[in-house]
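One structure below.
Numbering (the UniProt record's numbering), first residue to last: 1 to 488.
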């Protein structure tokens, strides 16, 4: 089945029509032709309720928003990779407009354009939405309520993610004040009881009174001490300096096939150790391709990429953690990768800097979560002491605390960085320049990532017609995010 038809559930209903018509006459299932006609009328009524006449246009609009071109919409679903199939599943969920929509990391396989489109789409979703996401910017734009999972307990907050952070900090501050006050009172009463419990009758009665007050406080429940969230830290060792230019891209053109379209044409630019740039642009514009060209995984069709002979490059991409040896532990993997480090305790300290502690360091990598495997990869890349980081979607499988730790480590990194990411907040934290990949070239964006996001919103508003579909009257409208504490 071609993609656009796979998104539309009405196709299955229409198929049932074609099944009923030839089978109606003479079939004992139908007592009469009139009964078959009645079933057909029921099906047609369902199609009318679904606005079937506009089904294909609505499906095409959703697919376009998620990055599928018209040509791609006519391809068969089996021809798409895993990441694109995730987009197809998301498109189907959005198309049917369920009363309850559950989304688990919906932005993971999207580019910035699709993230902005999805955010704008979900802002107007008039039914219940529950979403889990590591993208703080996305949660701020979409969610009206936050459910925080901390120490196996759920707590409900109103407002978006920023409001949740502010409210939670205020509550924790008040909790700490209450805890300190209670502990002071308890210490004072215990001291009084110890000093005067066996004194004069008057003092003894006062001591007994305080003892009852203390027992009552304990029975009613004391305020729990505020425990700090587990801190995650990343670290990139000093890479030293090398003379510029680090990389020179000279008149580079590239296409994947001799008869295929050009991805880039006549590129000219340089990269040095002070380069901090993010590559943005629509899907298929060649962002990941450019990183592969810079790293050396791809060879230019025309032109040349010159690199400093002493340059060390570390390239992170979405599937790198899948290449790990799953049968060894992170400790064994790192000891084998860096034989100069002889002591296991020293290596354990290194791995611990990336949020892997205790048993996580010595168990087989296959027992680690995707996020923990990504930390092994970052430890491996960082300890190569690279001069240049090429990061392709580094936030996939990372939680918000880890993303912030990564951003801080990149900010303190002495070398250069080229980033491809769908996380607006990470880009805003670490990128000093925004380059747009589009129309076979790269162009410097005159502004920051937030102005680029505004540009994408304006572009979506102008390009898309308003949906003609009407939401159910009286349907609940609520967007809830589930946020998990880093302590779990």
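The C-beta atom is built at its ideal place from N, Cα and C for all residues, glycine as well.
Asked, Found
"DSSP state of residue 314 mapped onto helix, strand, coil", "strand"
"The region 369-379 in contact with the region 320-329 per 3-pair CB rule at 8 Å", "yes"
"Residue 250, DSSP secondary structure in three states", "strand"
"Candidates 442, 406, 252, 355, of which the one nearest residue 302 by Cα", "252"
"Beta-carbon contacts of residue 504 that lie in its chain and below 7 Å, excluding the five residues immediately before and after", "Outside the displayed range of the chain (1 to 488) lies residue 504, so it cannot be described from this structure."
"Three-way DSSP call (helix, strand, coil) for residue 24 in this model", "Annotation note: pLDDT 49 at residue 24 (below 50); position unreliable, no value reported."
"Neighbourhood of residue 394 by C-beta distance below 7 Å, restricted to the same chain and skipping five residues each side", "316, 406, 421"
"Cβ of residue 71 within 8 Å of any chain B Cβ", "Within the model displayed, chain B is absent; a lone protein chain is all it includes."
"Under 8 Å between C-beta atoms of residue 311 and residue 246", "yes"
"Element boundaries [beta strand (DSSP E), containing residue 438]", "433-438"
"Inter-stretch contact at 8 Å, needing at least 3 Cβ pairs: the region 227-247 / the region 401-415", "yes"
"With 16 other Cβ atoms within 10 Å as the buried cut-off, status of residue 181", "exposed"
"Under 8 Å between C-beta atoms of residue 65 and residue 87", "no"
"According to DSSP, residues forming a beta bridge with residue 2", "76"
"Sub-8 Å separation of residue 293 and residue 305 beta-carbons", "yes"
"Cut-off 7 Å between Cβ atoms - residues of its own chain near residue 162, not counting five sequence neighbours on either side", "140"
"Beta-carbon proximity check, residue 263 vs residue 241, cutoff 8 Å", "no"
"Three-way DSSP call (helix, strand, coil) for residue 226 in this model", "coil"
"Check whether residue 193 and residue 211 have beta carbons under 8 Å apart", "yes"
"contact_flag[the region 407-421, the region 266-278] where n(CB pairs < 8 Å) is 3 or more", "yes"
"Contacting residues, own chain, Cβ-Cβ under 6 Å from residue 157 (five flanking each side not counted)", "146, 164, 167"
"Burial state of residue 61, where buried means 16 or more other Cβ atoms lie within 10 Å", "buried"
"Pair within 8 Å by beta-carbon distance, residue 379 and residue 350", "yes"
"Residue closest to residue 446, alpha-carbon to alpha-carbon, out of 453, 457, 434", "434"
"Residue 425 classed as buried or exposed, judged by whether at least 16 other C-beta atoms fall within 10 angstroms", "buried"
"Closest residue to residue 505 among 116, 144, 309 (Cα-Cα distance)", "What the structure shows of the chain is the stretch from 1 to 488, and residue 505 is not part of that stretch, so it cannot be assessed."
"Beta-carbon spacing of residue 99, residue 128 below 8 Å", "yes"
"Terminal residues of the alpha helix (DSSP H) in which residue 191 lies", "161-196"
"Three-state secondary structure (DSSP) of residue 7", "helix"
"Which of helix, strand or coil DSSP assigns to residue 138", "helix"
"Beta-carbon gap between residue 386 and residue 314 smaller than 8 Å", "yes"
"Residue from 332, 171, 261, 205 whose Cα sits closest to the Cα of residue 224", "171"
"For residue 290, the residue or residues it bridges with in DSSP", "Its beta-bridge partners do not exist; DSSP assigns none."
"Continuous beta strand (DSSP E) stretch holding residue 302: start and end", "302-307"
"Per-residue DSSP class, three states only, for residue 467", "Its pLDDT being 48, under 50, residue 467 is placed unreliably in this model, and the coordinates cannot settle the point."
"Buried/exposed call for residue 2, threshold 16 Cβ in 10 Å", "exposed"
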